[in-house]
Structures are given as structure tokens and as C-alpha cells.
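Read in the working numbering, the sequence shown has 212 at position 197, and its numbers run on one by one without any break.
Written out below as C-alpha cells is the structure these notes cover.
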Amino acid sequence: MKSPLENLVILETGAGDRAALGDYQLKKLEETIDYAVENSKFYKKRLKGAYRGRLNTFNDFASLPFTFPIELAQRPYDFLCTSPKYVSRIVTLKTSGTTSADGKRLFFTDNDLNLTVNFFEEGFKAMLSQGDRVMIMMPGETYGSLGDIIKKSLDRLKIESSIYGVLKDCDHAGAFIGDKKINSIVALPVQARFLSRKKKDLFKKHIKKIMLSADYVPETVIKDFSVNCDAKVFTHYGLTETGYGCAVECSHLNGYHIRENDVYLEILDPVTGQVSEDGKWGEIVITTFNREAMPLIRYRTGDYGAYKVNKCKCGTFLKTLERSKGRINNTMLIKNRQVHMSEFDEFFFQYDDLLDYSIKFGDRAVNIKLFLFEDRLDTREMIKEAFENKFKVKAFVESEKNENTPLLPNTMIKRTLT
Ligand SMILES: [Zn+2]
16 MKSPLENLVI LETGAGDRAA LGDYQLKKLE ETIDYAVENS KFYKKRLKGA
66 YRGRLNTFND FASLPFTFPI ELAQRPYDFL CTSPKYVSRI VTLKTSGTTS
116 ADGKRLFFTD NDLNLTVNFF EEGFKAMLSQ GDRVMIMMPG ETYGSLGDII
166 KKSLDRLKIE SSIYGVLKDC DHAGAFIGDK KINSIVALPV QARFLSRKKK
216 DLFKKHIKKI MLSADYVPET VIKDFSVNCD AKVFTHYGLT ETGYGCAVEC
266 SHLNGYHIRE NDVYLEILDP VTGQVSEDGK WGEIVITTFN REAMPLIRYR
316 TGDYGAYKVN KCKCGTFLKT LERSKGRINN TMLIKNRQVH MSEFDEFFFQ
366 YDDLLDYSIK FGDRAVNIKL FLFEDRLDTR EMIKEAFENK FKVKAFVESE
416 KNENTPLLPN TMIKRTLT
């Protein structure tokens with residue numbers, strides 16, 4: 016099945032191939048710049064002198080200055096392009112609590128939020144069909160929250176769904192699945208894994224399709240769902256800056272297609288700061304189209320990504336993004352080597368008994384806390400030994416049996432090494 020997202024892109028852009036989509040994007044980049052320069056204090060100043068009023072090529076665009084997350088925290092109102100009375104949702108992001116970009120603020124109008132509903136509507140077509148019953152394990156009490164947007168997109172598809180909210184109690188969530196005859200869930204990766212461990216039989220019996228939404232999903236978690244739970248796993252790469260939704264997998268489950276009608280995505284070489292060619296890993300930089308409240312131009316996400324060189328097997332002309340590996344700076348120096356958090360995740364989540372973990376670098380050793388399904392000494396010792404062998408460093412490992420409440424962050428917060 017071809018990515019249903021292509022239909023939306025064709026409908027919104029009028030483009031039927033890559034070249035025509037390129038023309039659309041170039042025109043939209045110009046339009047976005049003109050709108051932002053005219054209406055926001057920030058871009059009026061930032062692009063003064065850098066933008067000459069015309070983009071002939073994407074290279075012209077690539078010469079423009081970046082926007083940094085910290086700027087969204089320091090002076091969010093300078094980005095605002097509409098009167099505040101048209102803003103229907105404000106999101107303040109407390110990311111890790113340790114970064115300089117903590118407290119960045121984002122504004123959305125109704126139309127901005129609706130663009131994401133359109134995107135999710137098409138994105139979910141690859142995964143769901145009528146008759147499915149979906150549990151949305153995302154915050155959804157407030158207007159314009161992620162859960163609310165997902166629900167709206169599923170309502171349009173006439174697919175039954177319930178906003179459950181973030182996972183707090185596995186018994187409660189298990190009863191919810193049984194009562195509502197849920198067969199599909201949308202969740203943060205580690206929350207879904209946690210529930211699948213705590214309610215193994217129920218999960219295996221009921222849950223057939225899973226959408227994992229995050230900035231990064233460990234491959235081992237994806238594999239685990241297919242092997243242990245018999246569920247088909249789709250992943251979605253999203254961030255609040257893109258109105259939550261950004262790119263989603265088609266039924267081939269081999270990388271994301273981007274909402275190219277709304278987002279222009281560049282990959283930046285981490286060393287040179289120049290735009291990389293397809294196939295090279297670097298920082299994901301986004302520019303948002305059609306946004307009324309707060310368009311972003313060349314915004315540095317800090318996330319690690321790459322375009323695939325080959326076309327997706329689904330046959331779409333949309334580009335394919337590799338599954339993201341999360342934040343570039345989320346690393347820990349071990350024995351003169353920067354180890355990325357994704358490496359730790361791939362290591363720890365291979366253990367069936369592990370529900371979650373935390374890791375810190377102490378005095379000459381790594382301090383690890385394991386949350387285990389069964390707190391057994393031999394499991395702890397096995398993980399400790401394997402960790403020390405793999406990362407060539409001494410580890411102090413403590414563990415505890417985790418009860419029904421996951422320790423996980425309950426929003427789109429990115430997990431961080433400390
Ligand atoms: Zn595809």
C-alpha cells in the first residue's frame with residue numbers, strides 16, 4: 016500500500032512528482048519568510064540583510080541563518096505572527112530540566128492545529144481501518160493537546176478511539192483494554208513496552224497494532240513487540256515545534272514519510288554546518304509552512320536524522336527519513352568515547368525483565384538503576400556483567416521491582432542522560 020500521506024501532499028500542493036513538489040516547497044519557503052518577516056519581530060531582525068526577497072534554489076535558502084531552541088525560550092512573543100487573541104493553544108516545554116532551551120514556548124491557532132489533524136488522518140490510514148478500537152495513551156484533556164488531535168483525526172476516519180492519557184496504573188490500563196475491547200494503541204515507546212510487560216497475556220491477546228510516537232524509538236523495542244506480542248508496530252517522529260506531527264511510517268515500516276506539504280526538512284552535517292546529502296546522518300532542521308501563529312525557519316531540532324538514499328518500496332515520491340536516533344547531544348563520555356543514549360537503550364531493552372532504567376556517570380564508574388519485572392539478583396548480575404563487557408567500564412548496579420507506575424516522563428519530553 017502506497018503511503019496515504021502522498022494523497023494529502025498531492026491534494027494540498029497540486030504536485031504529482033518530486034520536481035513539482037520542489038517548486039511548491041521553494042514557493043512556500045518564500046511565502047513563509049515573507050510572512051514571518053512582515054509579522055514577527057524575531058524574523059524581521061534575524062533575516063534582515065540575509066534575505067534578498069527571492070529564492071531561486073534550495074541553496075539560496077540554505078544560506079539563511081538558523082533559529083535555535085533557546086530563542087524560543089528567551090523571547091517567544093517575538094515569534095508571534097498573529098494577535099494573541101487568535102492563539103488557541105500555548106505549549107510551554109519543560110524539556111529535560113537541564114538544557115538552556117528549557118521553557119521554550121510555542122503558539123498555535125486553530126488552523127495550525129487543524130493541519131496536524133489532516134496529517135494524522137492520512138498517517139493513520141496506513142495502520143488502522145474501520146472496526147479497530149484505539150486507546151490513545153497520550154495527554155488529551157485539553158483542547159489542542161496531542162491526544163485531542165489524534166482523537167479528532169480518528170473521528171474523521173470513523174474509527175472508534177478513547178483518550179486514556181499517560182500510563183499511571185497498569186491494572187487500570189489493563190481493565191480499560193478489556194472493557195473497551197481495544198485492539199490498537201498509540202503511545203510513547205517505553206510506556207507501551209512497560210504495559211506490555213506488566214500485562215503480558217492481555218496485551219498479546221488484544222493488541223494487534225501499535226503506533227509509537229516520540230523523537231526516537233529504540234529498534235529493540237520495535238522488534239520486541241513483533242516477536243513477543245505479535246503486534247504490528249508503526250512509528251511516528253514528532254515534535255511540538257511541528258505541531259506534534261512530523262513524519263510517519265507507511266505499511267512498509269522502514270522509515271518515515273514527512274508531511275512535505277507543511278514541513279521542509281534539512282539534514283545538517285554536524286561538523287561543517289552545511290546541508291548534507293541524502294544518506295548522511297546529521298541534525299534535523301525544520302521549516303514550517305502554512306503556520307499562522309509561529310512559523311519556524313531553519314529551526315535546529317537537535318535531533319539526529321538522515322534521509323534514505325533509496326525510494327520507499329511503497330512507491331511514493333515522498334522522501335523517506337531514517338528512524339531518528341533522538342537528540343544528538345544526548346551522550347555520555349565513557350572511556351574517551353561519546354556513547355549515545357540510543358546505544359544504552361538498545362542494550363538495556365534487550366532484556367525481557369527490564370521495565371526501565373536510569374544511568375549516571377559517577378566517580379570512575381557508571382551508576383545504573385534497573386527497574387525489573389522480578390527483582391532477581393541473577394538478572395541484575397547478568398546485566399551488570401554484560402554492560403561492563405560491552406562498554407568497558409565498571410558499573411554499580413542497583414535494582415528494584417517496579418510496581419504499577421512507570422517512572423517515565425508523561426509528555427513529549429525527551430529522555431535525557433544526566
Ligand atoms: Zn513508504
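Each residue gets a CB set at the ideal place from its N, CA and C atoms; glycine is no exception.
These numbers come from a predicted model, not from an experiment.
Quick check on DSSP: helix, strand or coil for residue i?
i	result
residue 386	strand
residue 320	strand
residue 48	helix
residue 30	coil
residue 53	helix
residue 157	coil
residue 22	helix
residue 267	coil
residue 517	Given that the chain is displayed from residue 16 to residue 433, the structure contains no residue 517 and the question cannot be resolved.
residue 112	In this prediction, residue 112 has a pLDDT of 48, which is less than 50 and means its spatial position is unreliable; what the coordinates show is noted afterwards. Of the three classes helix, strand and coil, the one that applies to residue 112 here is coil, per DSSP.
residue 140	helix
Please name the residue in the options whose C-alpha comes closest to that of residue i.
i	options	result
residue 315	82, 167 and 390	82
residue 164	38, 188, 138 and 186	138
residue 205	261, 174, 153 and 54	153
residue 313	257, 374 and 347	257
residue 338	193, 159, 228 and 173	228
residue 47	68, 207 and 310	310
residue 279	125, 380, 262 and 266	262
residue 18	387, 270, 386 and 130	270
residue 104	159, 307 and 64	159
residue 346	281, 335, 210 and 376	376
residue 349	323, 382 and 55	382
residue 121	413, 254, 407 and 374	254
residue 379	387, 410 and 396	410
residue 40	73, 55 and 51	73
residue 123	321, 86, 306 and 213	306
residue 222	272, 246 and 210	246
residue 267	368, 281, 328 and 273	328
For the beta strand (DSSP E) that residue i lies in, which residues bound it at each end?
i	result
residue 58	No beta strand (DSSP E) holds residue 58; the alpha helix (DSSP H) holding it covers 56-61.
residue 348	346-349
residue 177	175-178
residue 410	410-416
residue 152	148-152
residue 229	224-229
residue 207	That residue, residue 207, is in no beta strand (DSSP E); its alpha helix (DSSP H) goes 204-213.
residue 122	119-124
residue 371	369-376
residue 281	278-283
residue 108	102-108
residue 332	Neither: residue 332 is in no beta strand (DSSP E) and is coded neither H nor E.
residue 6	There is no way to answer for residue 6, as the model of the chain reaches only from 16 to 433.
residue 252	247-252
Please report how far the alpha carbon of residue i lies from the alpha carbon of residue j, in whole angstroms.
i	j	result
residue 364	residue 133	34 Å
residue 341	residue 284	16 Å
residue 248	residue 264	9 Å
residue 34	residue 100	39 Å
residue 288	residue 318	14 Å
residue 353	residue 244	34 Å
residue 178	residue 357	29 Å
residue 200	residue 277	26 Å
residue 187	residue 21	38 Å
residue 142	residue 150	14 Å
residue 195	residue 225	16 Å
residue 360	residue 233	6 Å
residue 203	residue 298	22 Å
residue 93	residue 161	25 Å
residue 64	residue 78	12 Å
residue 290	residue 88	25 Å
residue 182	residue 208	11 Å
residue 23	residue 236	30 Å
residue 173	residue 145	7 Å
residue 140	residue 412	44 Å
residue 90	residue 107	12 Å
residue 147	residue 185	22 Å
residue 308	residue 95	6 Å
residue 113	residue 51	Confidence is the limiting factor: at residue 113 the pLDDT is only 49, short of 50, which leaves the residue's position unreliable, though a coordinate-based value still follows. Residue 113 and residue 51: Cα-Cα distance of roughly 30 Å.
residue 126	residue 43	17 Å
Just to confirm the assignment, what range does the alpha helix (DSSP H) spanning residue i have?
i	result
residue 399	392-406
residue 187	185-194
residue 234	234-239
residue 299	Not the alpha helix (DSSP H): residue 299 falls in the beta strand (DSSP E), residues 297-303.
residue 362	356-363
residue 89	84-89
Using the beta-carbon of each residue, find all residues closer than 6 Å to any heavy atom of ligand 1 and list them in chain order. 18, 265, 267, 272, 327, 329 and 331
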